[in-house]
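Asker:
Number of protein chains: 2
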Amino acid sequence: MIQQFSHIAPLQNYLAEKINEGQEFSFVPTMGNLHEGHLSLARESLKDSRNSFCVFSIFVNPKQFGPKEDFHNYPSTIEEDIVKLSSLSKEMKKDILLFYPDNQQEIFPEGFATSITVDGLSKILCGKQRKNHFKGVTTVVYRLLILLKPHRTYMGLKDFQQQFLIKKMVKDLLLSSEIISLPTIREKSNLAMSSRNNYLTPQEREGEALCLYNTMLRVKHALENSSLSLKEKISLFNDEKEKTLGPHSKWQYLELLDSETLKNITSKTKTAQIFGAYLCGKTRLIDNMTIYLNP
Amino acid sequence: MIQQFSHIAPLQNYLAEKINEGQEFSFVPTMGNLHEGHLSLARESLKDSRNSFCVFSIFVNPKQFGPKEDFHNYPSTIEEDIVKLSSLSKEMKKDILLFYPDNQQEIFPEGFATSITVDGLSKILCGKQRKNHFKGVTTVVYRLLILLKPHRTYMGLKDFQQQFLIKKMVKDLLLSSEIISLPTIREKSNLAMSSRNNYLTPQEREGEALCLYNTMLRVKHALENSSLSLKEKISLFNDEKEKTLGPHSKWQYLELLDSETLKNITSKTKTAQIFGAYLCGKTRLIDNMTIYLNP
Numbered sequence: 020m021i022q023q024f025s026h027i028a029p030l031q032n033y034l035a036e037k038i039n040e041g042q043e044f045s046f047v048p049t050m051g052n053l054h055e056g057h058l059s060l061a062r063e064s065l066k067d068s069r070n071s072f073c074v075f076s077i078f079v080n081p082k083q084f085g086p087k088e089d090f091h092n093y094p095s096t097i098e099e100d101i102v103k104l105s106s107l108s109k110e111m112k113k114d115i116l117l118f119y120p121d122n123q124q125e126i127f128p129e130g131f132a133t134s135i136t137v138d139g140l141s142k143i144l145c146g147k148q149r150k151n152h153f154k155g156v157t158t159v160v161y162r163l164l165i166l167l168k169p170h171r172t173y174m175g176l177k178d179f180q181q182q183f184l185i186k187k188m189v190k191d192l193l194l195s196s197e198i199i200s201l202p203t204i205r206e207k208s209n210l211a212m213s214s215r216n217n218y219l220t221p222q223e224r225e226g227e228a229l230c231l232y233n234t235m236l237r238v239k240h241a242l243e244n245s246s247l248s249l250k251e252k253i254s255l256f257n258d259e260k261e262k263t264l265g266p267h268s269k270w271q272y273l274e275l276l277d278s279e280t281l282k283n284i285t286s287k288t289k290t291a292q293i294f295g296a297y298l299c300g301k302t303r304l305i306d307n308m309t310i311y312l313n314p
Numbered sequence: 020m021i022q023q024f025s026h027i028a029p030l031q032n033y034l035a036e037k038i039n040e041g042q043e044f045s046f047v048p049t050m051g052n053l054h055e056g057h058l059s060l061a062r063e064s065l066k067d068s069r070n071s072f073c074v075f076s077i078f079v080n081p082k083q084f085g086p087k088e089d090f091h092n093y094p095s096t097i098e099e100d101i102v103k104l105s106s107l108s109k110e111m112k113k114d115i116l117l118f119y120p121d122n123q124q125e126i127f128p129e130g131f132a133t134s135i136t137v138d139g140l141s142k143i144l145c146g147k148q149r150k151n152h153f154k155g156v157t158t159v160v161y162r163l164l165i166l167l168k169p170h171r172t173y174m175g176l177k178d179f180q181q182q183f184l185i186k187k188m189v190k191d192l193l194l195s196s197e198i199i200s201l202p203t204i205r206e207k208s209n210l211a212m213s214s215r216n217n218y219l220t221p222q223e224r225e226g227e228a229l230c231l232y233n234t235m236l237r238v239k240h241a242l243e244n245s246s247l248s249l250k251e252k253i254s255l256f257n258d259e260k261e262k263t264l265g266p267h268s269k270w271q272y273l274e275l276l277d278s279e280t281l282k283n284i285t286s287k288t289k290t291a292q293i294f295g296a297y298l299c300g301k302t303r304l305i306d307n308m309t310i311y312l313n314p
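Residue numbers (the working numbering), protein chains in the order written: chain A, 20 to 314; chain B, 20 to 314.
(1) Output needed for Q124(A): all residues of its chain with C-beta closer than 7 angstroms, excluding positions within five of it in sequence on either side, in chain order.
(2) Alpha carbon to alpha carbon, how far is L281(B) from Y93(B)? Give it in angstroms, no decimals.
(3) Y308(A) lies in the alpha helix (DSSP H); which residues open and close that run?
(4) How would you label N216(A), buried or exposed, when you count the other beta carbons within 10 angstroms and need 16 or more for buried?
(5) Give me the chain A residues within the contact set of K187(B), using Cβ-Cβ distance strictly less than 7 angstroms, ordered along the chain.
(6) Helix, strand or coil: how does DSSP classify I27(B) here?
(7) Identify every residue that forms a DSSP beta bridge with A132(A).
(8) On the criterion of 16 or more Cβ atoms from any shown chain inside 10 Å, does G175(B) qualify as buried, or is it exposed?
(9) Give the range of the beta strand (DSSP E) segment to which S76(B) is assigned.
(10) Over the uninterrupted beta strand (DSSP E) stretch that includes S268(A), give me the two end residues.
(11) What are the start and end residues of the beta strand (DSSP E) that includes A296(B)?
(12) Which of the residues in the segment 36-54 of chain A, read from start to end, lie with their CB under 8 angstroms from any CB of chain B?
(13) Are L163(A) and S76(A) close, meaning C-beta to C-beta below 8 angstroms?
(14) For M50(B), which residues from the same chain have a beta carbon less than 8 angstroms from its beta carbon, with the 5 sequence-adjacent residues on both sides left out?
(15) Within the same chain, show all residues whose beta-carbon is closer than 8 angstroms to that of K103(B), passing over the 5 residues directly before and after it, in chain order.
(16) What three-state label does DSSP hand I38(A) in the structure shown?
(17) Do L273(B) and I284(B) count as a contact pair if the criterion is CB distance below 8 angstroms?
(18) At least one CB of chain A closer than 8 angstroms to the CB of I326(B): is that the case?
(19) With a cut-off of 8 angstroms, do at least 3 Cβ pairs link the segment 246-266 of chain A to the segment 191-207 of chain A?
(20) Helix or strand or just coil, what does DSSP make of Y33(B)?
(21) What are the boundary residues of the beta strand (DSSP E) that S200(A) is part of?
(22) Give me whichever residues DSSP pairs with D277(A) in a beta bridge.
(23) Looking at the secondary structure, which residues open and close the alpha helix (DSSP H) in which E99(A) lies?
(24) Would you please state the rounded distance, in angstroms, between the beta carbons of C73(B) and F118(B)? I believe it to be under 8 angstroms.
(25) Mind checking which residues open and close the beta strand (DSSP E) that includes R171(A)?
(26) Looking at the secondary structure, which residues open and close the alpha helix (DSSP H) in which F153(B) lies?
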């Protein structure tokens, strides 16, 4: 069954009752416009027998958009989203509680002025182009976690930096929810699923948009298959990066970082992460991939 | 009795036992070099019968000092501090648990990277001169509150902006400790007590340092006694400010703000706060005073 809450207080009362009965639950925070990436998070969470039900939030968080970004045009498809969640709840035979706040005050009450940042890591990759983006993300996730107190929170690895920062924040601020990251879900073409894919024309979607995935895959193969030293691998990657990020390039970044630290790779790095951001027309696409450097 | 803890874990175990027994406790966070201002916070907290004992922390927090500030020279007088706390504990017939961490890692573990800011309000008054100061304060107080979970936390109104920001943070981040602010304690001369007063020469302490208090008192009387309109009061204050903050002035700021909002006063303002910061020799002194605008 799907139950809808537009206010936080009745949802908190409902959760308190369930907690009292000894139930545990999962949480999937989203901005709506649901695709299989979002749904798979809820589905996987409900496969875990410890989670009696799933709280699924749809809230387009103004704090994580820049002044020139697409906050006011962010695609809203609430009716379709409810149909999808409803059918997922039937499939999994467990309840989904949809938290779809009426207004921002449900999450950020009048006068709210505190913000939470993960220093350093908020300023690399997407944080370079999107000033204050991650501050908005960590602040809204803090509020959701402290308001709802879920046992387990599920996030997609497509937003690798996001889940990394949130895990760091949860550890540093001693929050009690476990953060569980699940693999990126892709379209048949291998394009990483994203609500922003809806901005693409059919031609872009089957063509140019794929260069993000294809470039990263090519670099991954080059770095994994070679018998090169670390120094040579770094130099190979830097050549690739220079070719890719020319003066008129549509790439915003292409980076190779240690998956565990999000710092430069070293001789100790076992797995690295390649990160890319690409402007396809006016649509900003991101993706990432794991590279096994020392198999 | 005074009990000393240099590690957080044994203190947390001790507190968990007491909580289990249904006891409640107060918390006084300090940087040591104790004077009657600090001691009065512990004393008042122990007068409250709900507080069975007081946790008193002494931790010189590196995050709240700027690179050119006095972190490395901040006066440490731990032996004298322990004697004072011990005698206070006897006087009040209640236990004081002194948390005096061995090293920074007890509060900020290796790799800690998250910070908490109260937007806007961290950048005014002392936040203007002391970049990142309040970010350091709110972050350390968050950690202490979440590690210790005190029922009531006591702070002095000498640091008005500090207790204001912490109350805001506690509200926004839904922390459970009640923040209780108590009046500034003054020397006989009316100089506000501060660990930094020890930097003053005897001549400065009885002479020049008093101009902070005396100026604010004069302005307070002028604003409270007059039958002037709000506009005239603001203009009177601005004249006073202009006279005080000349090009070679030792004043860092002199400000008049609404006590409830820390914004400019309006026709709705009932009580205002006058804030001053003054460089006496190399010693930075701050003070503030309540002004009843519409008695």
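No residue lacks a Cβ here, since even glycine has one placed at the ideal position from N, Cα and C. From a predicted model like this one, the values you see are computed outputs, not experimental measurements.
Answerer: In short:
(1) none
(2) 29 angstroms
(3) It should be pointed out that residue 308(A) corresponds to Met in this sequence rather than to Tyr. Where M308(A) is concerned, there is no enclosing alpha helix (DSSP H), although the beta strand (DSSP E) around it starts and stops at T302 to Y311.
(4) buried
(5) A132 and T133
(6) helix
(7) Looking at the DSSP assignment, A132(A) forms no beta bridge with any residue, so it has no partner.
(8) buried
(9) N70 to I77
(10) Premise fails: S268(A) is in no beta strand (DSSP E) and is neither H nor E.
(11) T290 to C299
(12) none
(13) Between L163(A) and S76(A), the C-beta spacing is below 8 angstroms.
(14) I77, F78, V79, N80, Y93 and S214
(15) L53 and L58
(16) Look at I38(A) here: in three-state DSSP terms it is helix.
(17) In this structure, L273(B) does not lie closer than 8 angstroms to I284(B) by Cβ.
(18) Residue 326(B) is absent from the structure shown; chain B starts at 20 and stops at 314.
(19) Result no; under three Cβ-Cβ pairs closer than 8 angstroms.
(20) helix
(21) E197 to L201
(22) A291(A)
(23) For E99(A), the uninterrupted alpha helix (DSSP H) segment begins and ends at I97 to M111.
(24) Not really, about 11 angstroms apart at Cβ, beyond 8 angstroms.
(25) R171 to G175
(26) Run containing F153(B): H152 to L167, per the alpha helix (DSSP H) assignment.
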